[in-house]
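Chains P and Z supply the protein sequences, listed in that same order.
Numbers 10 to 318, taken from this note's numbering, label the letters of the first sequence in order.
Numbers 124 to 434, taken from this note's numbering, label the letters of the second sequence in order.
Where is the CB? At the ideal position from N, CA and C, for every residue including glycine.
Note that the coordinates shown come from a computational prediction; the quantities given were computed from them, not determined experimentally.
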Amino acid sequence: MGRGALACTIVAVLCVFGCDDIGDVGDGYAVLDRGARAAGVVLIVEGTTHRSAAPVSVPAGFVAYAERDGAEVLLDPGPDAVTIVQGAAMRAETYLFGRDVSFDHAWISGRRAAVDALARRTQADVADRIEGGYELRAPGLWGLLADEGVSVGIEEITPLTTGPDGPPGLRGAIQTPYGAGDDAGLGEHSDFAAEVLAEGPAIMMGAEELLHPAESGLLPDISAPELEGSTTLPLLVGVYRAGEHRLVLDASGHATLDDAQGELWGEVLLSGGRLLVVGEERTLSLSVHPGGLRSEGGESFTRFTGEEP
Amino acid sequence: MKRRRFVGALGAGLAAAGVPSFVSQGFAQTREERDPDAGAAAVAEAYRRAHLAGRPLLVVIIPESDGAKWERGYAWGELLNHGSDVQLAPLAAVSFVAALREDVARIVPDLARASSDPLAVLVETHQIPAQSRAIDAELPDTNYYAVPEDLDWNEREAWIDARITERIAILAESIADAVAPNLPVLRARAAQQEARLEPWQRRHVAQAVAGQRRLSAELADRAAAIVTLGASTATDAQAEELRARLAAAVRERVSAGPPAGARWARGTGCGIQVEQQTEEEEAVGLMMACGMGHVPARSQRFLYFFTESRY
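Printed below as a string of structure tokens:
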């Protein structure tokens with residue numbers, strides 16, 4: 010039995026008596042937000058690399074850090090706390106369970122089926138959030154999430170506050186504006202990368218936005234009761250080309266690839282910071298990078314906008 | 124008045140007037156010359172930008188048929204340039220692009236199942252898979268062949284004018300039905316846009332909806348869905364004011380430029396002038412030869428959809 014599962018059992022008993030926010034006492038947690046994962050940031054805890062949206066348990070004395078392209082940020086959530094690693098810049102913010110955020114609640118974005126599956130595994134209740142996404146509720150939830158991991162279709166897990174007189178509110182990365190330093194080194198296609206990698210509903214105003222305020226400059230997070238599901242995939246819809254090879258990600262959530270191995274048509278999924286095209290005969294794994302997508306084989310697909318260079 | 128006096132008036136008339144082939148060579152290529160990905164890429168870019176703006180995307184379908192290209196171009200021009208506040212207001216909540224159905228279908232595969240070219244497709248942009256809805260209606264023809272023979276000049280003018288009014292109304296209602304069909308959809312669209320606004324913008328919009336502030340065209344454009352929702356529950360006078368602001372935002376967009384994938388052009392019966400020409404186009408004098416016809420005032424600025432050099 011994992012620590013989280015054990016905690017769940019204990020908490021389930023304890024909570025009969027009305028307690029809240031009791032989990033793996035002493036453990037800290039670290040979690041990558043969507044922007045960090047999309048940028049290729051990984052969590053390394055005691056030498057084990059984690060890429061998924063799941064929180065990772067960081068017991069006292071464990072060495073944990075976030076890493077991207079050789080750059081590292083040491084993480085020290087401390088006991089009963091969670092550190093959220095945000096964006097390509099790996100900005101780390103730590104919240105204390107029981108004081109800042111709830112150990113028993115989490116905000117989750119992703120496909121409904123994946124969220125439901127995770128809820129079953131953690132025996133959590135699921136509720137739609139008014140701002141989009143879902144709320145999971147279960148005693149000791151964060152410990153369970155760390156033990157269970159998450160599957161394809163889960164994009165992001167974020168802690169929630171417990172308000173004194175209302176339901177939990179969003180916290181952490183969801184409310185964190187896109188930092189000025191996050192686009193450092195993204196290169197000539199930084200607009201595209203910044204949009205895709207951005208993690209908050211903040212607004213970045215620049216010359217383009219001032220000229221065309223209604224059509225640009227707004228970072229992607231959707232908020233509406235029925236606006237569930239991926240908030241990143243709409244930004245990836247497009248035509249990508251690598252020499253003679255062509256990849257079209259359409260608005261139905263499918264992709265058509267024509268490359269050296271022939272044609273591939275399949276469903277598009279986001280998992281572990283990568284974009285997967287799952288066809289009947291093969292699966293193509295791509296990472297988002299400035300200006301386009303890159304396959305595991307190193308083929309770089311550049312986004313084609315239809316305009317002459 | 125002989126029927127031939129109306130040659131060149133609209134639609135097939137203009138095509139029959141004889142259009143020099145250089146007209147489109149400055150800004151378009153034949154299908155063979157065209158980058159095969161350009162159209163789909165343009166739709167994808169429009170989709171992405173609409174998502175960022177928190178709006179659905181209205182894809183104006185460029186029909187395959189040349190005759191339909193003229194008729195559709197006039198119909199859109201009449202609505203966008205001469206629609207009333209009530210008719211234009213729903214359009215403030217959408218982003219536009221114009222494209223051939225085959226190009227749209229690569230990004231919105233549902234469209235591949237359509238049996239003919241709809242007037243437009245409304246594509247939701249808040250999530251994947253995206254929902255899409257074809258917008259179609261039978262629009263009245265105003266071309267030479269449609270005009271009754273036994274009418275004199277004034278009667279023909281009045282007949283065409285009435286058909287144009289009817290065409291604007293049908294197109295506007297079809298779009299409104301798709302963009303703002305009911306309160307739950309309005310609320311969802313408003314929520315999608317609200318997430319894109321800064322606190323001060325939300326405050327200003329709320330004050331405007333309450334009648335405490337005049338809304339700028341820019342903010343009306345950016346928060347069109349919220350304003351539309353506000354107008355649906357406001358007093359008649361306040362709703363009228365809000366719709367006027369939304370319509371003003373649409374007119375500002377219309378005057379600034381056409382939807383991506385189309386061009387604004389003006390035709391008076393003696394030549395067609397394509398707007399916003401490039402230096403290259405200006406250098407070759409991009410203007411069609413005189414068609415010796417008559418174009419009703421409300422049809423004179425229209426969307427020019429031709430993409431092949433034979434026109």
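Among the options, nearest to residue i - alpha-carbon criterion
| i | options | result |
| --- | --- | --- |
| Ala303/Z | Ala354/Z, Cys393/Z, Tyr197/Z | Ala354/Z |
| Val183/Z | Leu309/Z, Ala176/Z, Ala343/Z, Arg224/Z | Arg224/Z |
| Ala285/Z | Ser297/Z, His417/Z, Asp264/Z | Asp264/Z |
| Gly334/Z | Glu296/Z, Ile287/Z, Glu363/Z | Glu363/Z |
| Leu83/P | Asp268/P, Met99/P, Asp89/P | Met99/P |
| Pro382/Z | Arg172/Z, Pro159/Z, Arg157/Z, Asp158/Z | Arg172/Z |
| Glu289/P | Ser304/P, His263/P, Leu302/P | His263/P |
| Ser238/Z | His205/Z, Leu309/Z, Asp259/Z | Asp259/Z |
| Trp274/P | Leu284/P, Ala136/P, Thr292/P, Ala260/P | Thr292/P |
| Ala66/P | Val50/P, Asp78/P, Pro88/P | In the sequence on display, residue 66/P carries Ser and not Ala. The residue with the shortest Cα to Cα distance from Ser66/P is Pro88/P. |
| Leu262/Z | Arg366/Z, Asn204/Z, Ile293/Z | Ile293/Z |
| Gly152/P | Ala115/P, His254/P, Arg108/P | Ala115/P |
| Gly419/Z | Asn277/Z, Arg236/Z, Arg337/Z, Ala164/Z | A quick correction: the sequence has Pro, not Gly, at residue 419/Z. It is Asn277/Z. |
| Thr57/P | Glu76/P, Tyr249/P, Glu305/P | Glu76/P |
| Asp226/Z | Arg121/P, Arg283/P, Arg46/P, Ala260/P | Ala260/P |
| Arg312/Z | Ala346/Z, Leu365/Z, Glu341/Z | Ala346/Z |
| Thr179/Z | Arg279/Z, Gly190/Z, Ala299/Z, Trp199/Z | According to the sequence provided, residue 179/Z is Pro. The question's Thr does not apply to it. Selected option, being the one with the closest Cα: Ala299/Z. |
| Arg368/Z | Leu202/Z, Ser207/Z, Trp199/Z | Ser207/Z |
| Arg146/P | Ala122/P, Ser111/P, Arg120/P | Ser111/P |
| Ala251/P | Phe313/P, Leu284/P, Ala73/P | Phe313/P |
Residue i, DSSP secondary structure in three states
| i | result |
| --- | --- |
| Val257/P | strand |
| Glu321/Z | coil |
| Ile251/Z | coil |
| Ser304/P | strand |
| Ala251/P | strand |
| Pro168/P | strand |
| Gln361/Z | helix |
| Leu279/P | strand |
| Glu81/P | strand |
| Gln399/Z | coil |
| Gln95/P | strand |
| Val302/Z | helix |
| Ala339/Z | Here residue 339/Z turns out to be Ser, not Ala, going by the sequence shown. Coil. |
| Val270/Z | coil |
| Glu333/P | For chain P, the structure presents residues 10 to 318; residue 333/P sits outside this window and is missing. |
| His417/Z | coil |
| Tyr427/Z | strand |
| Ala75/P | strand |
| Asp284/Z | helix |
| Asp275/Z | coil |
| Arg236/Z | helix |
Classification of residue i by the beta-carbon crowding that lies within 10 angstroms, buried from 16 upward
| i | result |
| --- | --- |
| Ala281/Z | exposed |
| Ser378/Z | exposed |
| Val373/Z | buried |
| Ala48/P | buried |
| Arg326/Z | exposed |
| Thr248/Z | buried |
| Ala242/Z | The amino acid at residue 242/Z is misidentified as Ala; the sequence shows Leu. Looking at its Cβ environment, which holds 16 or more other Cβ atoms inside 10 Å, Leu242/Z is buried. |
| Thr351/Z | buried |
| Thr401/Z | exposed |
| Glu317/Z | buried |
| Thr356/Z | exposed |
| Ala360/Z | exposed |
| Pro243/P | buried |
| Ala189/P | With a pLDDT of only 24 at Ala189/P, under the threshold of 50, the placement of this residue in the model should not be trusted, and no figure is reported. |
Beta-carbon proximity of residue i to residue j, cut-off 9 Å
| i | j | result |
| --- | --- | --- |
| Leu279/P | Thr241/P | yes |
| Pro168/P | Phe71/P | no |
| Gly247/P | Ala221/Z | no |
| Ala101/P | Thr92/P | yes |
| Ala385/Z | Gly162/Z | no |
| Val128/P | Asp137/P | Note on residue identity: the sequence assigns Ala, not Val, to residue 128/P. No. |
| Gln254/Z | Ala370/Z | no |
| Leu245/P | Val277/P | yes |
| Arg424/Z | Ala388/Z | yes |
| Arg121/P | Glu157/P | no |
The ligand GDP heavy atom lying under 8 Å from the CB of residue i
| i | result |
| --- | --- |
| Thr92/P | Absence of the ligand GDP from the depicted structure is noted, as is the absence of any ligand whatsoever, leaving it without description. |
| request: Using a Cβ-Cβ cut-off of less than 7 Å, list which residues of the segment 323 to 348 of chain Z approach chain P; keep chain order. | output: Glu341, Asp344, Arg345
| request: Using a Cβ-Cβ cut-off of less than 9 Å, list which residues of the segment 282 to 296 of chain P approach chain Z; keep chain order. | output: none
| field | Against chain P: residues of the segment 236 to 260 of chain Z by CB proximity under 8 Å | value | Correct list: Val246, Thr248, His249, Gln250, Ile251, Pro252, Ala253, Ser255.
| request: Anything in the segment 246 to 264 of chain P with a Cβ closer than 9 Å to a Cβ of chain Z? List those residues in chain order, please. | output: Hits within the stretch, in order: Val246, Gly247, Val248, Arg250, Arg255, Val257, Leu258, Asp259, Ala260, Ser261, Gly262, His263.
| said: Using a Cβ-Cβ cutoff of 7 Å, what residues of the segment 361 to 383 of chain Z are near chain P? List them in chain order. | reply: none
| query | Closer than 8 Å, Cβ to any Cβ of chain P: which residues of the segment 217 to 231 of chain Z, in chain order? | reply | Ser218, Arg229, Ile230, Val231
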